[in-house]
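Top line first, the protein sequences correspond to chains A and B.
Throughout, this note's numbering is defined as the position within the first sequence, counted from one, plus 3.
Throughout, this note's numbering is defined as the position within the second sequence, counted from one, plus 1.
We put the beta carbon where it would ideally sit given N, CA and C, even for glycine.
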Amino acid sequence: MNEIDVARHSLMIDSLLHIWGWEIPVYLFLGGMAAGVMILTSLLMMREGDRSPAVRWLAFAAPVLVTVGMGALFLDLSFKLHAWRFYLAFRWTSPMSWGAWILVVVYPVSLALALAGLGDEQVERVAAFMGRFGLGAPTRALSAFGRQRFEELRWVNLGVGAALGLYTGILLSTLGARALWNSALFGPLFLASGLSTGAAFLMLFRLSEDERHFVTRWDKLAIGLEVAVLLLFLAGLVTSGAASKDAASLLLGGPWTASFWSLVVIAGLAVPLLLETLESRLHLRATVVTPLLVLAGGFALRWIMVAAGQA
Amino acid sequence: MKKRYAMAVDTVRCVGCSACVISCKTENALPDGGFRDWIVQEVRGAFPDLSMEIRSERCNHCSEPSCVDACPTGASHVAEGGVVAVARNKCTGCKACIAACPYGARYVHPAGFVDKCTFCLHRVQKGKQPACVETCPTRSLTFGDLEDPDSPVARLLRSRRSRVLQPEAGNKPNVFFLS
C-alpha cells in the first residue's frame, strides 16, 4: 500500500485541480453549435432554389452564439483586464491561441455571408437598424462584398465553421496532463457533435419542409459519425496505457458512467436518431422533442467531458 | 555557455520540516493559501512494515514545458537558465497552463494572474541561492547549473541515484529526487 500525504492544505491549489467550472462547457457547447450552424448555412446556401426566411435569418445565429460563448469564456478569465493580450500574440503551440483568432475570423465571414443571403429589402432593414449605431454604410458595404464573393464565401464560411468545431475539441486534447482528454479524436468528436447540435438548433425554427428534410439528413449523418468516433475514442483509451485506462474507467464503470450513458449516448444520440428515422420513414410531423434531446445531449457531452477530465 | 538550472532534492536527508515552504512564502510574499513549494510524504507498506519518503516538491522547470506550449499569450515562457516563468503583465488567467501541468505546480493568485516557483531567479541573478535552498536546515536541497560539470548539483546527480517525477509525462523535469 502506498499512502501519499501532501502537506499543502491549500485551497488555492488542491481544490483547483478542477480549474474549469461551468463557463468552459457552456462555451464549448455554444462554439460547437455555432460551428454546426455555419457549416449547415453554407450547405443550405449551396443548394439550388429559394430559401425560407428562417434560413436566411438563421445565418446570423452563428455570430450571436459565438458572442454568448465568448462572454462565458470572459467570465472564466481570472485576470479579465488582460483579455486583450490574446490578440497581441499568436502562439502556434497553443490551441487556445488558435481559437482566439478563429473566433475573430468567424465574425466578418459569417456576417458577410448572412448579409449576402438576405433579399434587398431585408438588407435595407438591417442597414437601417445598424444605422442607429452609425453602422449603416459598413453594413451595406459588407453585404455588397458578400454578394460579389458569394461563391467563395460559402466555402470559406464552411471552412471556418469546421475549424471552429475542430478546435473546441483540440483545445482539450492537447492538455496531456489530463488523461481523459488526451485523445486526438476529441477534435472530430466535438466537430460531429457541433454539427448535430447546430442542425438541432436550426430545426427549432420554421424551416421549409424541404430544408427540414435536408437538415435532418445531415443531423442523422452527424449523429452516426459522433457514435462512431465516441466508440473509437473509448476503444483507444481502454487499449492504451495505465493512465488512459483509468481515465476510460470514469465513463465505463466509474462515477460518470450513469450520466454519460444515459444523458449522452441514450437520450442525446440513440433516441433522437431513432425518432428522426421514424419521422422520415413514417412521414410523421417533426416535433421539437428531437432537437431538444440532441441539444441536451450535446451539452451533457461537453459538461461530462470537461468535469470528468479534471476529476 | 547556456545555463540549465536544476535542483536536487535529497529525500534521505529531508525531514519534512516545511522550512522551505515558509521561507518561500516569506521571500516571495505569497498570498494566504498560495504555495510555490510543498512537502509530500509517501508512506509505503502496512504497519509495522513501513518506509517513508519525504519530498520537497515545486515546479520542475521542465526542459519541455507543456504549460509554456499551452499558454495562448506567451505569458508562460522559458527565462534565463531554462527557468519556467510567468510574465504577469501578459497573463489573462485562462488557466490553460494549470490544465497542462502534470505536477500541479501552478495556482491562481488572488490578483488574477497565475503564480509559480521561479527558482528565485531574482536571487540567483545576484549570485545568491534560492530562498528554500538557503533555508533548508538539513541541506537536502542543492541548486545549480547542470551544464557546469563542476557544480554541486551536477556532481550529486552523477554520484547518487536519482529520479524525476512522472517521467512518462515527457516534460523532462529539472528537479531530481535523490534516494
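Look at valine 10 of chain B: its C-beta is not under 8 Å from any C-beta on chain A. Secondary-structure assignment with DSSP links phenylalanine 144 of chain B through a beta bridge to B:Met8. Within the segment 40-81 of chain B, the complete beta strand (DSSP E) runs of at least 3 residues fall at 50-59, 77-79.
With respect to tyrosine 104 of chain B, asparagine 61 of chain B sits close: the two C-beta atoms are nearer than 8 Å. Under the three-state reduction of DSSP, phenylalanine 178 of chain B is assigned to strand.
For alanine 273 of chain A, there is no enclosing beta strand (DSSP E), as DSSP marks it with neither H nor E.
Inclusion of arginine 157 of chain A and methionine 49 of chain A in the CB contact set at 8 Å is warranted, their separation being smaller than that value. Judged by their CB atoms, lysine 117 of chain B and valine 109 of chain B are not nearer to each other than the 8 Å cut-off. In the three-state reduction of the DSSP assignment, serine 97 of chain A falls in the coil class, being assigned neither a helical nor a strand state. Listed along chain A, no residue sits closer than 8 Å to threonine 27 of chain B by beta-carbon distance, the nearest being about 16 Å off. Collapsing the DSSP output to three states places alanine 180 of chain A in coil.
Lysine 129 of chain B and histidine 123 of chain B have their C-alpha atoms some 9 Å from each other.
A straight line joining the alpha-carbon of histidine 78 of chain B with that of alanine 88 of chain B spans about 8 Å. In the DSSP assignment, glutamate 6 of chain A forms a beta bridge with B:Val44.
Straight-line spacing of the CA atoms in glycine 171 of chain B and leucine 228 of chain A works out to 32 Å. Alanine 86 of chain B: member of the beta strand (DSSP E) spanning 85-87, first to last residue. Cysteine 133 of chain B and alanine 20 of chain B have their alpha carbons spaced roughly 7 Å apart. Neighbours of aspartate 70 of chain B in chain A, taken as residues at a C-beta separation under 7 Å, are given in chain order as Thr96, Ser97. Residue nearest to valine 67 of chain A within the set A:Ala231, A:Leu114, A:Leu178 is A:Leu114 (criterion: CA-CA distance).
Within the segment 113-182 of chain A, no run of beta strand (DSSP E) reaches 3 residues while sitting entirely inside it. At a cut-off of 8 Å between C-beta atoms, alanine 132 of chain B does not count as an interface residue with respect to chain A. The bridge partners DSSP lists for aspartate 116 of chain B are B:Tyr108. In the three-state scheme derived from DSSP, where H, G and I count as helix and E and B as strand, arginine 162 of chain B is classed as coil. Contact note: phenylalanine 114 of chain B reaches chain A through Phe82, using a C-beta cutoff of 7 Å and chain order. Taking C-beta atoms under 8 Å as the contact rule, leucine 192 of chain A and leucine 145 of chain A fail to qualify, at a distance of about 34 Å. Pairing arginine 143 of chain A with alanine 131 of chain A gives a Cβ-Cβ distance that is not under 8 Å. In the three-state reduction of the DSSP assignment, aspartate 151 of chain B falls in the coil class. Put simply, the backbone Cα of phenylalanine 148 of chain A is about 11 Å away from that of valine 112 of chain A. Across the set A:Ala289, A:Ala195, A:Glu6, the C-alpha of A:Glu6 shows the shortest separation from the C-alpha of phenylalanine 48 of chain B.
Looking at the backbone, the Cα of leucine 255 of chain A and that of phenylalanine 263 of chain A are separated by about 9 Å.
Between cysteine 63 of chain B and the set B:Gly113, B:Ser180, B:Cys102, B:Val154, the nearest pair of CA atoms involves B:Cys102. For methionine 48 of chain A, the enclosing alpha helix (DSSP H) stretches over residues 26-49. DSSP places aspartate 222 of chain A in the uninterrupted alpha helix (DSSP H) bounded by 212-241. Of the candidates B:Gly82, B:Arg164, B:Cys72, B:Cys72 places its Cα closest to the Cα of tyrosine 90 of chain A.
The beta-carbon of alanine 100 of chain B is placed less than 8 Å from the nearest beta-carbon of chain A. When DSSP states are grouped into helix, strand and coil, aspartate 249 of chain A belongs to the helix group.
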